[in-house]
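In my numbering, the protein residues as written are 27 to 346.
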């Protein structure tokens with residue numbers, strides 16, 4: 027990748043080599059390369075093992091037991107025997123990634139078109155369970171998206187990888203909260219008991235070769251949509267008497283503002299390094315990658331807190 031120094035906030039991660047990429051040490055072995063571990067976790071099929079593994083990876087990076095090695099190119103090879111002895115599941119993988127089992131998913135939930143998902147009233151237990159399941163599935167996908175951002179894109183400052191590991195760990199926490207709360211509604215409710223769709227990961231596939239587009243269209247578009255959706259979803263849960271579920275939505279909204287802010291910060295940094303204007307570049311990338319057209323109402327307060335400026339919000343409200 028191109029010259030990626032300095033980092034946002036003025037941090038200079040290291041001395042630039044001749045090609046402009048920081049002169050960082052090569053990984054001595056896979057065992058201490060945090061990006062290799064992120065790829066292994068991305069291929070992990072068990073969602074609970076994946077969530078626990080992300081927390082363990084964050085601890086290992088914090089203690090220095092694992093390092094990022096940003097200059098290392100990582101190939102998504104298929105390990106013999108699968109991940110932790112579990113065969114890899116290629117459901118939903120693109121042609122170029124099928125051998126790698128990216129992303130690792132459990133056998134359930136089955137993935138269907140959004141049009142095939144049954145609409146249920148949240149006033150019923152079954153409807154509330156379906157809503158919580160859909161939210162848990164979004165958070166599971168968000169773990170995968172953050173892990174993919176860690177291993178796939180090389181040559182970035184260490185602060186970039188620290189940021190997206192923080193995102194992955196918080197998404198894992200959200201998934202665990204929702205999955206556990208889902209089980210309190212009855213023994214027939216658990217993650218995987220309803221079908222789900224693959225919309226978030228579809229955009230990850232489209233932008234797998236374009237780092238700036240990934241930032242523009244995943245955290246700043248699809249995940250930012252969660253800022254708009256959280257308040258009405260919380261209100262639905264609260265009106266149905268689910269105060270615990272509503273409290274989980276408060277945690278998610280708080281953290282997602284930070285996640286979108288991370289996406290905004292690195293997107294603007296990338297635009298600055300590339301010499302392109304952020305608003306016009308976003309419009310171009312959205313058209314190029316067929317991003318969904320966002321419709322209001324928008325949570326402008328949360329979006330401002332996440333770093334969207336007045337020009338971006340004006341373009342959003344104008345539908346451009």
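Yeah, the Cβ is synthetic: ideal placement off N, Cα and C, and Gly gets one too.
Computed from a predicted structure; not experimentally measured.
Judged by beta-carbon spacing, residue 222 lies within the 8 Å limit of residue 137, meaning their Cβ atoms are closer than that value. Under the DSSP assignment, residue 334 falls outside any alpha helix (DSSP H); it carries neither an H nor an E label. If the five residues before and after residue 68 are omitted, its C-beta is found closer than 7 Å to the C-beta atoms of 128, 129, 130, 170, 173, 174, 177, all from its own chain and listed in chain order.
Taking 8 Å as the cut-off, the Cβ atoms of residue 164 and residue 226 count as close. Counting other Cβ atoms within 10 Å of its Cβ, residue 247 reaches 16 or more and is therefore classed as buried. For residue 91, no alpha helix (DSSP H) encloses it, and the DSSP letter there is neither H nor E.
Below 8 Å, enough C-beta pairs join the region 323-335 and the region 249-258 to call them touching: three or more. Between the region 182-199 and the region 253-270, the count of C-beta pairs closer than 8 Å stays below three; the two stretches do not touch. At a Cβ-Cβ threshold of 8 Å, residue 270 and residue 207 count as neighbours. In this structure, the straight-line span from the alpha carbon of residue 78 to that of residue 198 is close to 8 Å. Secondary structure of residue 134 (DSSP, three-state): coil. Residue burial is scored here from C-beta neighbours: residue 301 has fewer than 16 other C-beta atoms within 10 angstroms and is therefore classed as exposed. Taking 8 Å as the cut-off, the beta carbon of residue 285 is found no closer than this to the beta carbon of residue 151. Excluding the 5 residues flanking it on each side, residue 237 has same chain C-beta neighbours closer than 6 Å at 179, in chain order.
In this structure, residue 159 places its C-beta atom within 8 Å of the C-beta atom of residue 217. Looking at the DSSP output, residue 222 sits in a beta bridge with 137. Here residue 90 is exposed. Its C-beta has fewer than 16 other C-beta atoms within 10 Å. Residue 59: not part of any alpha helix (DSSP H); DSSP gives it neither H nor E.
Here residue 316 is exposed: its Cβ has fewer than 16 other Cβ atoms, across all protein chains shown, within 10 Å. Note that the C-beta distance between residue 94 and residue 66 is not below 8 Å. Counting C-beta atoms within 10 angstroms of its own C-beta, residue 235 has fewer than 16 neighbours from the protein chains shown and is therefore classed as exposed. Burial state of residue 76 is buried, judged by a 10 Å Cβ sphere holding 16 or more other Cβ atoms. The DSSP-derived three-state label of residue 192 is helix. In this structure, residue 195 places its C-beta atom within 8 Å of the C-beta atom of residue 84. Looking at the backbone, the Cα of residue 243 and that of residue 325 are separated by about 18 Å.
Linking residue 305 to residue 288 through their CA atoms gives a straight-line distance of about 17 Å.
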